[in-house]
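Have a look at the structure below, then the notes.
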Amino acid sequence: MSDWKVTKQDVEKIKANSLKKFSNLFECASISDSQLFQPCLPTNLEYISTHFESLDHLLGGGFAFGHVSEIYGDVGTGKTQLCAQLLASYCINAYTEQCNRSVIYIDTENGFVSNRLQEIVKSFHKTADLGHVLGKIYFKIVLKAEKLVELISDLPGILNKSPEIRMIIIDSIAAPFWRHLNDNKQHTGLVVKCGLDLVNIAIEHDVCIIVTNRIRYAALKVGKQLPSLGDYWSHVPNLRLYLAQERQERTATIVKSFNNSRGSVKFQINSNGFSL
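Residues 3 to 278 (my numbering) are what the sequence shown spells out, left to right.
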């Protein structure tokens, strides 16, 4: 088998095409009103594999469709790495099964590294057509809280127009709120709307929604590893996966789940992504 190489320019071109595709989606989508919270959950679950057997086993199969899942932890614990691995796993699965599935990736920290995703995709499937695989990703950078809430409100219209989109990743959910809001009441109101909309989108469109979050600074002072965005947000995710690193040991721990499962798994991060 001959060596298969893709230049950096090729990857950036793919990323640019993805941005253009995402913009086209928004041109045909209308803004939806916030919907009321519906506590019913789907009973026949499908999962998105992480491509890391130990973590999939811990999660009961992977990250579930019809749910909002949160990956949280301190800086540098692997949150964005796991999101990249989920992107690669989801897109490679769609590629190999020749099914029409796409994903929305919302980057609120402008920290997405396309070359890292390329590396993981190649480790999963060495002969995959990179352009075809990454062409399934609609990529959007959103830095302001108001813009993020507006974009989330647009998602129902987008999903109605493009039902092949089955996964939405927001990395990170909290960053826009830290940077641009000083009014506590406005902050709480936007977080509430954001949470209600995400829960309804996950249930009504049966999509897998994954968000990342950081630890609250104040929580670190008292020794409690709590995600940011406060008490209301804590009721939004059906699953909370806590990533931690102490010296050279990394762990992923379930601290909340819809089926009351608990447990943890050790992992490393290498060129192939998460592994034992």
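No residue lacks a Cβ here, since even glycine has one placed at the ideal position from N, Cα and C.
Can you check whether the CB of glutamine 120 is closer than 8 Å to the CB of glycine 275? The count along the sequence shown starts at 1 and reaches residue 275 at position 273. The count along the sequence shown starts at 1 and reaches residue 120 at position 118. Result no, Cβ atoms of glycine 275 and glutamine 120 do not sit closer than 8 Å.
State buried or exposed for lysine 163, treating a residue as buried only when at least 16 other CB atoms are found within 10 Å of its CB. Here residue 163 is taken as the residue at index 161 of the sequence shown, counted from 1. It is exposed - the Cβ of lysine 163 has fewer than 16 other Cβ atoms within 10 Å.
For proline 335, the residue or residues it bridges with in DSSP: This structure leaves residue 335 out entirely; the chain is present only between 3 and 278.
Pop quiz: glycine 64 and tyrosine 49 are said to be a contact at Cβ under 8 Å. What is the actual Cβ separation, rounded to whole angstroms? Translated into positions along the sequence shown, residue 64 becomes position 62. Translated into positions along the sequence shown, residue 49 becomes position 47. With 8 Å as the limit, glycine 64 and tyrosine 49 qualify as a contact, their Cβ atoms being about 4 Å apart.
Taking the alpha-carbon of histidine 207 as reference, which of Ser236, Ile167, His189, Gln83 has the nearest alpha-carbon? For the purposes of this step, residue 207 is taken as residue 205 along the sequence shown, with counting starting at 1. Distances from the alpha-carbon of histidine 207 to those of Ser236, Ile167, His189, Gln83 put Ile167 closest.
When DSSP labels each residue in this structure, what does aspartate 173 get in the three-state scheme? Numbered from 1 along the sequence shown, position 171 holds the residue referred to as residue 173. Looking at aspartate 173 - three-state DSSP - the assignment turns out to be strand.
Three-state secondary structure (DSSP) of aspartate 131: Working through the sequence shown from its first residue, we reach residue 131 at position 129. If DSSP states are grouped into helix, strand and coil, aspartate 131 belongs with coil.
Cβ distance (whole Å) where valine 77 is taken to contact proline 239 below 8 Å: By 1-based counting over the sequence shown, the position of residue 77 is 75. By 1-based counting over the sequence shown, the position of residue 239 is 237. About 20 Å separates the two Cβ atoms, so there is no contact after all.
Please confirm whether serine 236 and arginine 218 have their CB atoms less than 8 Å apart. Along the sequence shown, read from residue 1 onward, the residue named residue 236 stands at position 234. Along the sequence shown, read from residue 1 onward, the residue named residue 218 stands at position 216. The answer is no: Cβ separation not under 8 Å.
Measuring alpha carbon to alpha carbon, tell me which of Gly197, Ile172, Asn261, Gln83 ends up nearest aspartate 233. Counting from 1 along the sequence shown, the entry for residue 233 is found at position 231. Among Gly197, Ile172, Asn261, Gln83, the Cα nearest to that of aspartate 233 belongs to Gly197.
Outcome for asparagine 215 when other beta-carbon atoms lying within 10 angstroms are tallied against a minimum of 16: Within the sequence shown, numbered from 1, the residue matching residue 215 stands at position 213. It is buried - the Cβ of asparagine 215 has at least 16 other Cβ atoms within 10 Å.
For valine 1, which residues in the same chain have their Cβ closer than 7 Å to its Cβ, ignoring the five residues on either side in sequence? The displayed coordinates of the chain run from 3 to 278. Any statement about residue 1 would go beyond what the structure contains.
For my contact list, valine 209 and leucine 161 are in at a C-beta cut-off of 8 Å; report their separation, rounded to the angstrom. Residue 209 sits at position 207 when you count from the first residue of the sequence shown. Residue 161 sits at position 159 when you count from the first residue of the sequence shown. The pair is a contact, with the Cβ atoms about 7 Å apart (cut-off 8 Å).
Considering just the uninterrupted stretch of the beta strand (DSSP E) at leucine 119, what are its terminal residues? By 1-based counting over the sequence shown, the position of residue 119 is 117. Segment 116-126 is the alpha helix (DSSP H) holding leucine 119; no beta strand (DSSP E) there.
Per DSSP, aspartate 100 is paired with what? Numbered from 1 along the sequence shown, position 98 holds the residue referred to as residue 100. Inspection of the sequence shows that residue 100 is occupied by glutamine rather than by aspartate. Looking at the DSSP assignment, glutamine 100 forms no beta bridge with any residue, so it has no partner.
From leucine 57 to proline 165, what does the alpha carbon distance come to, in whole angstroms? Locating residue 57 in the sequence shown gives position 55, counting from the first residue. Locating residue 165 in the sequence shown gives position 163, counting from the first residue. Distance between the alpha carbons of leucine 57 and proline 165: 28 Å.
Under a Cβ-count criterion, where at least 16 other Cβ atoms within 10 Å of its own Cβ denotes burial, should valine 267 be classed as buried or exposed? Taking the sequence shown and counting its residues from 1, one reaches residue 267 at position 265. Buried, because 16 or more other Cβ atoms sit within 10 Å of the Cβ of valine 267.
Closest by C-alpha distance to aspartate 156, when choosing among Phe54, Ile106, Pro178: As a position in the sequence shown, residue 156 is number 154, starting the count at 1. Answer by Cα proximity: Ile106.
Should lysine 128 be labelled buried (16 or more other beta-carbon atoms within 10 Å of its own) or exposed? By one-based count along the sequence shown, residue 128 stands at place 126. Looking at its Cβ environment, which holds fewer than 16 other Cβ atoms inside 10 Å, lysine 128 is exposed.
How close, in whole Å, do the beta carbons of threonine 79 and glutamine 247 come, if the pair is a contact with beta carbons under 8 Å? Translated into the one-based positions of the sequence shown, residue 79 becomes position 77. Translated into the one-based positions of the sequence shown, residue 247 becomes position 245. The pair is a contact, with the Cβ atoms about 5 Å apart (cut-off 8 Å).
Do isoleucine 94 and phenylalanine 126 have their beta-carbon atoms positioned less than 8 Å apart in this structure? In the sequence shown, counting from the first residue as 1, residue 126 sits at position 124. In the sequence shown, counting from the first residue as 1, residue 94 sits at position 92. Contact annotation: phenylalanine 126 and isoleucine 94 have beta-carbon atoms nearer than 8 Å.
Identify the residues that DSSP records as bridge partners of lysine 146: which are they? On the sequence shown, position 144 is the one that residue 146 refers to. DSSP lists no partner for lysine 146.
Under the assumption that glutamate 111 contacts valine 213 (Cβ atoms under 8 Å), give the Cβ distance between them as a whole number of angstroms. For this step, residue 111 is matched to residue 109 along the sequence shown. For this step, residue 213 is matched to residue 211 along the sequence shown. Taking C-beta atoms under 8 Å as the contact rule, glutamate 111 and valine 213 fail to qualify, at a distance of about 12 Å.
Pull up the distance between the alpha-carbon of serine 1 and that of leucine 132, whole angstroms please. It is not possible to answer for residue 1, since the shown part of the chain is limited to 3 through 278.
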